[in-house]
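All residue numbers in the sequence shown are consecutive under the numbering used here, ending with 67.
Where a beta carbon is used, it is the ideal one built from N, C-alpha and C, also for glycine.
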Amino acid sequence: MTTGKIKWFNPTKGYGFIETSGDADVFLHISALQEAGIDTITEGEEVTFEIGDNRGRNTAINVKKV
2 MTTGKIKWFN PTKGYGFIET SGDADVFLHI SALQEAGIDT ITEGEEVTFE IGDNRGRNTA
62 INVKKV
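Shown next, in the form of structure tokens:
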């Protein structure tokens, strides 16, 4: 599992990004939050996640709040 902080998330658009130390930001789609049962998430909140592939770019899966 990778740990990071929510850089930003726009629930209207349905996506955002997680920043990780030393690595590139990871795309976060609203479906990953829905699968995890997470209703709301705020900027700066710490999460753990795994990295999956979506159309050739890294995306967060199995997201959990810390």
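- Residue pairing of V27 in beta bridges, as defined by DSSP: I19.
- Counting the other Cβ atoms within 10 Å of the Cβ of A25 gives fewer than 16, which makes it exposed.
- The beta carbon of T4 lies closer than 6 Å to those of T49 in the same chain, with the five residues before and after it left out.
- A61 is bridged by DSSP to I52.
- Counted as a single uninterrupted DSSP element, the beta strand (DSSP E) harbouring G5 occupies residues T3 to N11.
- Between the alpha carbons of N11 and R56 lies a distance of about 21 Å.
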